[in-house]
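J.: One structure, pasted below without further comment.
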Amino acid sequence: MVARPPGTPGKIVSFIRDILVGRHIPASPWLRTTDRCATRSPPPPNLPGGEAHKLAFNYYYSRDRRRDVQPPIISSSSKLVADKSDIEAEASPLQMPPVPGKGHP
Numbered sequence: 001m002v003a004r005p006p007g008t009p010g011k012i013v014s015f016i017r018d019i020l021v022g023r024h025i026p027a028s029p030w031l032r033t034t035d036r037c038a039t040r041s042p043p044p045p046n047l048p049g050g051e052a053h054k055l056a057f058n059y060y061y062s063r064d065r066r067r068d069v070q071p072p073i074i075s076s077s078s079k080l081v082a083d084k085s086d087i088e089a090e091a092s093p094l095q096m097p098p099v100p101g102k103g104h105p
């Protein structure tokens, strides 16, 4: 028996696939197999440290805007209403929208 390349379907599977698709599909060597592709998570590179890995007296340290972030400043004060009479005095009467068919005043 002849060995197939990894990732290719057998004769029966490829015959059924060709019938269902309606045309001949060649062998698919583009499938991901372990002997042809690299791992999905390669080890991180081992890079030497440059001048930016030391943050003391670094020019980047003074330009970094993330260190200037502060909590938001609340510009409005929270005003509590003392009485319901204040609410009723400030509220305007409810005005209904104009009704179709009647004249507008």
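By the UniProt record's numbering, the letter at position 17 of the sequence shown is numbered 17, and the numbering carries on one by one without gaps. Cβ coordinates follow ideal geometry from the N, Cα and C atoms, glycine included. Remember, predicted model here, so these are calculated numbers, not experimental data.
Just the Cα atoms here: how many angstroms apart are Gly101 and Gln95?
T.: 18 angstroms
J.: I need the DSSP call for Leu20, collapsed to helix, strand or coil.
T.: Note: Leu20 maps to helix in three-state DSSP.
J.: Would you please verify whether the beta carbon of Ser75 is less than 8 angstroms from any beta carbon of chain B?
T.: Going by chain labels, chain B is absent from the structure shown, which holds only one protein chain.
J.: Is DSSP giving Val69 helix, strand or coil here?
T.: coil
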